């Protein structure tokens, strides 16, 4: 009877351990720096630091300005930020280079999105500097950093609206 109770307790404990370890999830990102990247004053490509966020929801990350994410990410993201961001350096290379794999390890419970923010030395209003991916789609694409922007490899780079000019765009003369 004592042996049966001990076996029952041991089996219950083992089942609990299996359940708890089955709940954790890991993720690995694939990234690549493509020259020209994060040019310095001499026109040389330099590494760019990247923040990688685990997010419960992507709304606050998408709505936030780059500057607010840079300086007040905890405040701006609130409860959607599930962990402190991980910082990685992306080295310039070629579009044909093998991507660097960044193992994020065990994700926080509730992570549904990965937010990525490139901290370029200079900015170009035409290039996106943030990217959000659903966690289920985060491991497959190669995330490329080039110029002063971030995109998924193979996607056409679509410039953001140019907000740096006060002048309206020139109208073409029709015939």
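Residue numbers (our numbering): 0 to 174. Note that CB positions come from ideal geometry on N, CA and C, so glycine has one too. It should be emphasised that the depicted structure is a prediction, and the values quoted were computed from it without experimental measurement.
Next on the checklist: Within 8 Å, do at least three Cβ pairs link the segment 96 to 115 to the segment 134 to 146?
Outcome noted: When Cβ pairs closer than 8 Å are counted between the two stretches, the segment 134 to 146 is seen to touch the segment 96 to 115, the count reaching three or more.
Next on the checklist: With DSSP as the reference, identify every bridge partner of residue 29, one or two as the case may be.
Outcome noted: Answer is 100, 141.
Item to check | Cβ pair residue 104, residue 55 closer than 8 Å | outcome: Contact: no.
Item to check | Where the beta strand (DSSP E) through residue 148 begins and ends | outcome: Counting along the chain, the beta strand (DSSP E) containing residue 148 begins and ends at 148 to 151.
Item to check | Nearest neighbour of residue 85, chosen from 126, 66, 106, 94 [CA to CA] | outcome: Out of 126, 66, 106, 94, the CA that lies nearest to the CA of residue 85 is found in 106.
Item to check | Simplified DSSP assignment, three categories, for residue 79 | outcome: Here residue 79 sits in helix by DSSP.
Item to check | Minimum C-alpha distance to residue 25 - residue among 76, 102, 152 | outcome: Of 76, 102, 152, the residue nearest in Cα terms is 102.
Next on the checklist: Quick check on DSSP: helix, strand or coil for residue 128?
Outcome noted: If DSSP states are grouped into helix, strand and coil, residue 128 belongs with coil.
Item to check | 7 Å Cβ shell around residue 89 - same chain, five flanking residues per side excluded | outcome: Listed in chain order, the non-local C-beta contacts of residue 89 below 7 Å within the same chain comprise 30, 32, 46, 47, 49, 144, local neighbours out to five positions each way being set aside.
Checklist entry - To the nearest angstrom, how far is it from the Cα of residue 21 to the Cα of residue 52? => result Reliability fails at residue 21, whose pLDDT of 46 lies under 50, so the model's placement of it is uncertain and no value is given.
Checklist entry - In angstroms, rounded to a whole number, what distance separates the CA positions of residue 154 and residue 98? => result If you draw a straight line from the Cα of residue 154 to the Cα of residue 98, it is about 16 Å long.
Item to check | 8 Å Cβ cutoff met for residue 127 and residue 141 | outcome: In this structure, the beta-carbon distance from residue 127 to residue 141 does not fall below 8 Å.
Checklist entry - Are residue 27 and residue 138 close, meaning C-beta to C-beta below 8 Å? => result Yes, Cβ-Cβ distance for residue 27 and residue 138 is below 8 Å.
Next on the checklist: Just to confirm, is the Cβ distance from residue 94 to residue 37 under 8 Å?
Outcome noted: Not in contact: residue 94 and residue 37 (Cβ atoms no closer than 8 Å).
Checklist entry - What separation, rounded to the nearest whole angstrom, lies between the Cα atoms of residue 74 and residue 117? => result One alpha carbon belongs to residue 74, the other to residue 117, and they sit about 19 Å apart.
Checklist entry - If you run the structure through DSSP and keep just helix, strand and coil, what is residue 87? => result Residue 87 falls in the strand class under three-state DSSP.
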